[in-house]
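Chains A and B, in that order, are what the protein sequence lines are. Be aware that the first sequence starts at 1, since it is given in my numbering, and climbs by one per residue. Be aware that the second sequence starts at 86, since it is given in my numbering, and climbs by one per residue. A virtual CB, placed ideally from N, CA and C, is assigned to each residue, including glycine. For clarity, every value in this text was computed on a predicted model and none was experimentally measured.
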Amino acid sequence: MDALKQELKENLIEQLNLEDMSPEDIANDDMLFGDGLGLDSIDALELIVMLDKNYGIKLTDPKEGRAIFESINTMAAYISEHRTK
Amino acid sequence: MKNVYINSVGSISAQKTFDNTEFLNEITEYNDNVIFAVNPVYKDYIPPAAARRMAKGIKMGIVTSKIALKEANINQVDAIITGTGMGCVRDSEKFVSAIIDNDEQYLTPTPFIQSTHNTVGGQIALELNCKGYNFTYVHSSISFESAVMDALLQLQLDEAKHILVGGVDELGDHTTKIHKIINHIKPEAITPTNLLKSKTEGAVFGEGANFFVLSNEKSNTSYAEIVSVKTYNTLKQEALKQQAIAFLKEHDLSTNDLDLLILGNNGDVNFDAYYHTLSETFSKTPQAYYKHLSGEFNTASSFGFWLASKVIKTQSLPEIVRLNGLQTSQYKTVLLYNQYRGENHSFTLLRQC
């Protein structure tokens with residue numbers, strides 16, 4: 001699980017062009033949207049594509065995303081349970 | 086009709102031109118066939134959260150716009166007019182590559198949003214909160230001149246007071262590769278001082294952004310007056326001399342009245358003959374060139390426009406841009422001529438104000 005969390009942080013930084021950030025700057029329970037990292041709706045779309053491409057998870061209900069993308073912890077838990085690749 | 090003035094400049098190029106207090110004091114040497122812009126610290130001008138999705142062309146456009154606005158001592162303009170040959174080519178490449186690599190799946194929105202030509206003008210407007218006229222001209226090597234002509238008409242007719250006008254193009258890896266294959270880029274590495282000695286076809290490719298505040302009110306920051314701009318999609322080499330003379334005559338000038346001729350020579354043995362024709366026509370006039378400093382790109386002539394503006398304002402011609410040995414005591418009337426691969430020719434006439 002720790003390796004997955006590290007991988008997610010690295011992917012997040014690369015996919016979302018979070019310049020000047022390193023994985024160490026993102027805590028596992030940091031809020032990704034809103035007051036935390038400050039991600040926005042375009043980032044949410046990027047994350048949905050990342051889930052599909054890297055882990056074979058298709059999110060059909062956008063409302064699901066709100067809970068899944070809350071933090072690195074919630075993302076890692078969801079991916080561990082639902083990944084197909 | 087009102088006169089139109091260049092009230093400020095902002096430039097990012099392969100030289101350190103973003104600092105308006107300097108004028109080619111320090112030359113960035115290279116030995117290559119593709120040269121990249123010298124970057125300012127973008128974070129000093131654009132909030133990191135906004136900058137993270139911006140392609141280099143957008144960043145260069147926004148920063149040069151902000152530099153120009155600051156120098157003109159204004160916070161807002163009535164219109165933003167951009168010239169670009171290739172637009173945000175890096176994101177276009179990213180988007181198209183993703184379509185191919187991922188078998189038309191997993192497409193993310195950011196490169197698509199950024200891939201249109203008018204993204205630069207749009208992002209500048211968002212940064213400045215400018216809700217006025219916003220137009221982008223994509224006309225190959227007369228993209229910048231087309232933007233200037235639009236602004237000139239609006240300002241002359243007093244439909245606007247201040248217009249931000251610029252030219253911007255960025256280098257993209259895939260596009261560069263293609264230009265190398267079709268010999269639009271020189272096969273050999275070149276140093277700035279050797280560009281015009283090259284005996285090969287193609288040019289040294291570059292990138293950059295040059296934005297200007299054009300106004301119909303002269304100010305204490307004014308660089309020069311824009312007298313006229315004329316463009317041609319096609320122009321035969323044999324007709325060039327006559328067209329240049331006719332263009333000057335429209336403004337009651339002859340070949341002896343110019344203080345400086347600035348040419349867009351890029352060292353391509355197949356097309357520099359156009360420039361040689363004008364060099365001979367104006368053999369008694371001091372001449373300058375600039376693509377050995379900026380590289381060739383669709384809006385490289387905006388760097389020439391920047392050069393002309395600086396020469397007129399400072400009344401000095403840096404040694405590095407001199408094309409012939411002729412000297413003059415003043416730079417009052419300056420003619421620029423540019424073309425790329427024998428097409429899309431332009432004359433721009435500037436005057437001291």
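Contact check, serine 93 of chain B vs alanine 153 of chain B, beta carbons under 9 Å
In this structure, alanine 153 of chain B lies closer than 9 Å to serine 93 of chain B by Cβ.
If you draw a straight line from the alpha carbon of leucine 411 of chain B to that of leucine 345 of chain B, how long is it in whole angstroms?
In this structure, the straight-line span from the alpha carbon of leucine 411 of chain B to that of leucine 345 of chain B is close to 10 Å.
Nearest CA to the CA of arginine 83 of chain A: which residue from A:Ile26, A:Lys58, A:Glu19?
Among A:Ile26, A:Lys58, A:Glu19, the Cα nearest to that of arginine 83 of chain A belongs to A:Lys58.
Taking Cβ-Cβ distances shorter than 7 Å, what residues in chain A pair up with tyrosine 191 of chain B?
The contacting residues are Val49, Asp52, Lys53.
Mind listing which residues of the stretch 186–216 of chain B have their C-beta closer than 9 Å to chain A's C-betas, in chain order?
Hits within the stretch, in order: Asn187, Gln190, Tyr191, Leu192, Thr193, Pro194, Thr195, Ile198.
Does the separation of the CB atoms of arginine 138 of chain B and glutamine 100 of chain B fall below 9 Å?
Not in contact: arginine 138 of chain B and glutamine 100 of chain B (Cβ atoms no closer than 9 Å).
Measuring CB to CB, does glycine 168 of chain B end up less than 9 Å from glycine 252 of chain B?
Yes. Within cutoff.
Measure from the alpha carbon of glycine 146 of chain B to the alpha carbon of each residue in B:Ser414, B:Ser387, B:His361, then state which is nearest.
It is B:Ser387 whose Cα lies nearest to the Cα of glycine 146 of chain B.
Residue from B:Asn295, B:Ser304, B:Asn203 with nearest C-alpha to valine 148 of chain B:
With distances taken between Cα atoms, valine 148 of chain B lies closest to B:Asn295.
DSSP three-state assignment for lysine 321 of chain B, whether helix, strand or coil:
Lysine 321 of chain B falls in the coil class under three-state DSSP.
Bridge partners of tyrosine 374 of chain B, per DSSP?
Bridge partners of tyrosine 374 of chain B: B:Leu348.
For isoleucine 347 of chain B and leucine 421 of chain B, believed in contact at Cβ under 8 Å, the rounded distance
Contact between leucine 421 of chain B and isoleucine 347 of chain B holds: their C-beta atoms lie close to 5 Å from each other, under 8 Å.
Every unbroken alpha helix (DSSP H) inside the stretch 109–196 of chain B [4 residues or more]
Those alpha helix (DSSP H) runs which fall completely within the stretch 109–196 of chain B and span 4+ residues are 133–136, 141–156, 174–186.
Using a Cβ cut-off of 9 Å (strictly closer), state whether glutamate 10 of chain A contacts chain B.
Residue contact check for glutamate 10 of chain A against chain B: no CB pair falls below 9 Å.
Secondary structure of arginine 436 of chain B, DSSP reduced to three states
In the three-state DSSP reduction, arginine 436 of chain B falls in the strand class (E or B).
Under the three-state DSSP convention, the category valine 49 of chain A falls into:
Helix.
What residues of chain E sit near arginine 138 of chain B, judged by a beta carbon separation below 7 Å?
Given the protein chain composition of this structure (A and B), no chain E is represented.
Considering Cα atoms alone, identify which of B:Ile266, B:Asp235, B:Lys395, B:Asn110 is closest to isoleucine 405 of chain B.
The option with the nearest alpha carbon to isoleucine 405 of chain B is B:Asn110.
For phenylalanine 69 of chain A, three-class secondary structure by DSSP:
Phenylalanine 69 of chain A falls in the coil class under three-state DSSP.
When burial is assigned at 16 or more other CB atoms within 10 Å of the CB, is glutamate 292 of chain B buried or exposed?
A residue is called buried when at least 16 other Cβ atoms come within 10 angstroms of its Cβ; glutamate 292 of chain B meets this threshold and is buried.
Can you find a C-beta in chain A that's less than 9 Å from the C-beta of proline 133 of chain B?
At least one CB of chain A lies nearer than 9 Å to the CB of proline 133 of chain B.
Where the beta strand (DSSP E) through alanine 393 of chain B begins and ends:
No beta strand (DSSP E) holds alanine 393 of chain B; the alpha helix (DSSP H) holding it covers 386–399.
Do we get a CB-CB distance below 9 Å when we pair glycine 38 of chain A with the residues of chain B?
Contacts with chain B at 9 Å (Cβ-Cβ) include glycine 38 of chain A.
Along the chain, where does the beta strand (DSSP E) that runs through threonine 418 of chain B open and close?
According to the DSSP assignment, threonine 418 of chain B belongs to the beta strand (DSSP E) that extends over 418–425.
Let's test the definition: count the other Cβ atoms within 10 Å of the Cβ of histidine 264 of chain B and tell me whether it reaches 16, buried, or not, exposed.
With at least 16 other beta carbons inside 10 angstroms of its own, histidine 264 of chain B counts as buried.
Between glycine 245 of chain B and the rest of its own chain, which residues show a CB-CB distance below 7 Å, the 5 nearest in sequence each way excluded?
This sequence places alanine at residue 245 of chain B; glycine is not what is there. Excluding positions up to five away in sequence, the list reads Asp163, Ala164, Gln239.
Top-ranked residue by Cα proximity to asparagine 73 of chain A, from A:Leu37, A:Asp30, A:Thr60:
The candidate whose alpha carbon is nearest that of asparagine 73 of chain A is A:Asp30.
To the nearest angstrom, how far is it from the Cα of alanine 349 of chain B to the Cα of tyrosine 317 of chain B?
In the sequence as displayed, the identity of residue 349 of chain B is glycine instead of alanine. Taking the straight line joining both Cα atoms gives about 15 Å.
Going by the DSSP bridge assignment, what does arginine 407 of chain B pair with across the sheet?
DSSP, once it has assigned bridges, lists B:Ala373 as partnering arginine 407 of chain B.
Is the beta carbon of threonine 384 of chain B less than 9 Å from the beta carbon of serine 226 of chain B?
A contact, by the Cβ cut-off of 9 Å.
Which residues in the same chain as leucine 434 of chain B place their Cβ atom closer than 7 Å to its Cβ, once the five residues preceding and following it in sequence are excluded?
So the list reads Val312, Ser313, His336, Leu420, once near-sequence residues are dropped.
Taking beta-carbon pairs under 7 Å, can you tell me which members of the stretch 58–82 of chain A lie near chain B?
Flagged: no residues at all.
Between the beta-carbon of threonine 260 of chain B and the beta-carbon of glutamate 178 of chain B, is there less than 9 Å?
It is a contact, given that the beta carbons lie within the stated cut-off.
Let me make sure I understand the geometry here. Which of B:Gly389, B:Pro277, B:Lys303, B:Thr319 has the alpha-carbon closest to that of histidine 247 of chain B?
Histidine 247 of chain B has its Cα closest to that of B:Lys303, out of B:Gly389, B:Pro277, B:Lys303, B:Thr319.
How big is the Cα-Cα spacing for aspartate 52 of chain A and cysteine 173 of chain B?
Between aspartate 52 of chain A and cysteine 173 of chain B, the C-alpha separation is close to 27 Å.
Say whether the stretch 111–124 of chain B touches the stretch 274–290 of chain B, bearing in mind that this needs 3 or more beta-carbon pairs closer than 8 Å, one atom from each stretch.
Yes, they touch.
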